[in-house]
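Colleague: The end of the sequence shown is residue 224 by this note's numbering, with every number in the run present. C-beta: ideal position from N, C-alpha, C; glycine also. One structure, as structure tokens, below. Some questions next.
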Amino acid sequence: MLRKQILAVDLEPGSVLDEARIVQDMGTSRTPVREAVIRLVSDGLLKRDGRQVIVPTFQVAQLRAFFETLLLYTRVTHRLAAERRSARQLAAIWQAVKTFEKEAHTGIEFEMTDANHRLHRTIAAACDNIFFQEAYESILLQSLRLSRHCFVAGIKSEYKHREHLETIITEHQAIAQAIEDGDADRTDALATAHISLFRSWLSEQLLGPAELLNDMML
């Protein structure tokens, strides 16, 4: 529940977690709530500030470091997936590609971002390296938060947005095909281009109103 609220931006960035209220809302004891908080702090979705636990903010100044990290782990996990994936993992990747297409065409933003997140996690699972996989999944969570913030803030151009989704679908298909072909170099290049597309889209959505640029509360 807490994870869902944070990723859905229901818990505003910068807000202090009210543990007592959460316990009451969930109708549970403090122990499972505290255990959930520990996990979310570990995932970077919450952070401790003295005795308080807050939903972390994300400032524009952090974007360069964020994208450097996202690109690094995307490339290594996708490249290794092309070299190591099993037949079952490949089938799961293609299924995830189709699921994203379906969600993209329904136009439900949060379902679509979830489907995109699951696709890249599925690819990461095929890299056969738990350390790379877990590091990538951690940065993917931040990517999901950024994407959802853009949808909450409002998409600037619906027409460009539809074009963007069609490009994502095409790139997902190309990445999956490169993984199926076992072509690590092609997969690497396609994954790099995919991150570039995301970076361009995110910049276009965020670098708008001055108040959003100067105080991007994520």
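Between the C-alpha atoms of alanine 42 and glutamine 95, what's the straight-line distance to the nearest angstrom?
Modeller: For this step, residue 42 is matched to residue 36 along the sequence shown. For this step, residue 95 is matched to residue 89 along the sequence shown. Cα to Cα, the separation comes out at about 29 Å.
Colleague: Taking tyrosine 142 as the reference, which of Val59, Leu46, Phe72 and Val22 has the closest Cα?
Modeller: Position 136 of the sequence shown, counted from the start, is the residue given in the question as residue 142. Taking only the C-alpha atoms, the option nearest tyrosine 142 is Phe72.
Colleague: Taking just the CA atoms, how far does threonine 119 sit from methionine 223?
Modeller: Translated into the one-based positions of the sequence shown, residue 223 becomes position 217. Translated into the one-based positions of the sequence shown, residue 119 becomes position 113. Low confidence applies to methionine 223: its pLDDT is 40, below 50, so where it sits in the model is not reliable, and the reading given next is rough at best. Going from the Cα of methionine 223 to the Cα of threonine 119 covers about 19 Å.
Colleague: Taking the beta strand (DSSP E) that arginine 54 falls in, what are its first and last residues?
Modeller: For this step, residue 54 is matched to residue 48 along the sequence shown. From DSSP, the beta strand (DSSP E) with arginine 54 extends over 53 to 55.
Colleague: Within the same chain, show all residues whose beta-carbon is closer than 8 Å to that of phenylalanine 92, passing over the 5 residues directly before and after it, in chain order.
Modeller: In the sequence shown, counting from the first residue as 1, residue 92 sits at position 86. Reading the sequence as shown, one finds serine at residue 92 and not phenylalanine. For serine 92, where only same-chain residues beyond five positions count, the Cβ hits under 8 Å are Ala132.
Colleague: Is it buried or exposed, leucine 219, if we count other Cβ atoms within 10 angstroms and call 16 or more buried?
Modeller: The sequence position of residue 219 within the sequence shown is 213, counting from 1. Summary for leucine 219: the model assigns pLDDT 42, below 50, so the residue's position carries little reliability, and this model does not support an answer.
Colleague: Helix, strand or coil for valine 61? Go by DSSP, reduced to three states.
Modeller: As a first step, residue 61 is located in the sequence shown; it is residue number 55 there, counting from the start. Reduced to three states, the DSSP call for valine 61 is coil.
Colleague: Grab me the residues of glutamate 217's own chain with a C-beta within less than 7 Å of its C-beta, minus the 5 sequence neighbours each way, in chain order.
Modeller: Counting from one through the sequence shown, the residue named residue 217 turns up at place 211. Caution applies to glutamate 217, whose pLDDT of 42 falls short of 50 and renders its modelled position unreliable; the value that the coordinates give is listed next. No residues qualify anywhere along the chain.
Colleague: Which of the three DSSP states is assigned to methionine 223 in this structure?
Modeller: The residue labelled residue 223 in the question sits at position 217 within the sequence shown. The predicted position of methionine 223 is uncertain, since its pLDDT is 40 and thus under 50; no value can be drawn from it.
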